[in-house]
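Below is one structure, written out as structure tokens; the observations come after it.
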Amino acid sequence: MSQRLPQFRQKQKLIHGFSLLEMAMALVILSLMMGWLIMPLRVQNGLHKYQQTDQRLTQAQQALLGHAIIYHYLPCPDTDQPPDGWENVLANQTCTSDEGLLPWLQLGVAATDAWGRFFRYRADSTFTHHAQWFSISAAESASNIQVTGEAGAVTSIPSRPGAIILSHGENGLGGIQSVSGGQTYAVSAPVHPDEQENADGDLVFVDKAQQQAGGAVFDDRLVMLSPKVLIQQMVQAQRLP
């Protein structure tokens, strides 16, 4: 009996040892499987947010067309801090600034992209004057907004856009973040030179595929409002000539 007991205890230790080893291996395998599952979910979620943002940009573009047909001009940007969703107009019926945020409440569209950042909006003054309505000839040639693509190639010639709407993408650099309670904060400055171009407040914007150069990522999304499309829609609605 005394000889069997040590053998039994030795076998028991071996069994317990194998059980712990098997448990450790199972945990490792489980963690690897969770990692494999989480990565596709993250990618899928990211793609969904880009699709959602593109849909919101298109809706905002259509809302601008509708606004122009009804009122014969494009809305001014929202330049309030914090933004209130309505355009800001001076007493002389011009905009306080040609660039700001999309006046989402006025247009009845989403305020932000899928990451919670407000849409940047720039409109040429030819199309936003509330008293001096634009003509067909002015609409075709007046805008100074320029949109470039890969390697600086101009994509908005011969008709430069009357307006652009921009999302600063997943990284949000250069954008304005919406937070609870109606508050906002400015996201860090962009690193990629083309994202810097989109956030510098001038007349030039970049619209191209997502790109990574070193540690800098370009992931902005942009839609243009073509003067020719605007003219066509307004003629069909008998708002021009």
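Under the numbering used here, the first residue of the sequence shown carries the number 440, and numbering increases by one thereafter.
We put the beta carbon where it would ideally sit given N, CA and C, even for glycine.
Just so we're clear, the structure is a prediction, and the values are computed from it rather than from any experiment.
- I575 is not a Cβ neighbour of R561, given a cutoff of 8 angstroms.
- For A581, the secondary structure class from DSSP, reduced to helix, strand or coil, is coil.
- L541 and M473 have their alpha carbons spaced roughly 41 angstroms apart.
- The continuous stretches of beta strand (DSSP E) do not include L669, which lies in the alpha helix (DSSP H) extending over residues 666-675.
- For I615, the closest alpha carbon among the candidates V626, D641, G621 is that of V626.
- The count of Cβ pairs closer than 8 angstroms, one atom from the stretch 548-558 and one from the stretch 527-537, stays below three, leaving the stretches out of contact.
- DSSP places Q651 in the uninterrupted beta strand (DSSP E) bounded by 650-652.
- Per DSSP, reduced to three states, the secondary structure at Q501 is helical.
- Looking at D641, H511, A570, the one whose alpha-carbon comes closest to that of G539 is D641.
- Taking C-beta atoms as the reference points, G611 and W554 count as a pair closer than 8 angstroms.
- Between the stretch 484-492 and the stretch 515-529, the count of C-beta pairs closer than 8 angstroms stays below three; the two stretches do not touch.
- Under the DSSP assignment, S617 falls in the beta strand (DSSP E) whose first and last residues are 615-617.
- Considering only P629, Q675, K667, L679, the residue with the shortest C-alpha distance to A655 is P629.
- Taking all protein chains shown into account, A602 has 16 or more neighbouring C-beta atoms within 10 Å of its C-beta and is therefore buried.
- Per DSSP, E589 lies in no alpha helix (DSSP H) segment and is marked neither H nor E.
- Out of T565, G588, A652, the CA that lies nearest to the CA of A577 is found in T565.
- Across the set R660, F573, S617, A499, the C-alpha of R660 shows the shortest separation from the C-alpha of G588.
- For T567, there is no enclosing beta strand (DSSP E); the enclosing alpha helix (DSSP H) has its first and last residue at 564-567.
- When secondary structure is reduced to three states using DSSP, D646 falls in the coil class, being assigned neither helix nor strand.
- DSSP places E636 outside any beta strand (DSSP E); the residue lies instead in the alpha helix (DSSP H), whose first and last residues are 632-638.
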